[in-house]
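Student:
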């Protein structure tokens, strides 16, 4: 059976629950809700396992805070013997319009501290990342407030459809492969 590690980046704690920076957690929570899964607190994160079409998806919400996500990713990859090509990191992206989806097989951290730490711990930039656009609608010097801010009413009204699309992307990643999934979902 093929195994995949799907990591949603975010920060633990109620005060971060509905922030833009926690979109990774929110997407995994949506998958768990749709498939009636529960997360269990384990070493370095909350874990759930989802079986779909002969694949096993290990869903991880790291409890290390965003900037130290690499520690949890490396631990669970090693523990579950997940090859790098079966790893998918879900993160927010300021450089994409709200709700836009971009799947990539490699790239820079783009200033994202969670991705920087993952890169550092894995010693590679060649890992799959699913970037969810949160836009850059903030004034100069207000990036942290924006990223750690909550969704606007307009964004919130569109979020359900975008979360559903994100769940479909995760399933496609495990069943159709990265290239087919990029062709089907990028820019959608």
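In the numbering used here, the protein residues as written are 543 to 730.
Note that beta-carbon positions come from the ideal geometry of N, C-alpha and C, so glycine has one too.
1. Looking at the strands, I want to know which residues DSSP matches up with residue 591.
2. Going by DSSP, which residues form a beta bridge with residue 670?
3. Hey, quick one: how far does the alpha helix (DSSP H) through residue 657 stretch, first residue to last?
4. Spatial neighbours of residue 650 within its chain, please: CB distance less than 7 Å, with the 5 preceding and 5 following residues excluded, ordered by chain position.
5. Taking DSSP as the reference, what is the three-state secondary structure of residue 586?
6. Let me know if residue 634 comes out buried or exposed under the rule of 16 or more other beta-carbons within 10 Å of its beta-carbon.
7. By Cβ distance, which residues of its chain are closer than 7 Å to residue 563, with the 5 residues on each side in sequence left out?
8. Quick one: Cα of residue 574 to Cα of residue 559, how far?
9. With respect to the alpha helix (DSSP H) encompassing residue 715, which residues constitute its N-terminal and C-terminal limits?
Tutor: The answer reads as follows:
1. 600
2. 630
3. 655-664
4. 667
5. coil
6. buried
7. 552, 553, 608, 634, 689 and 690
8. 16 Å
9. 695-717
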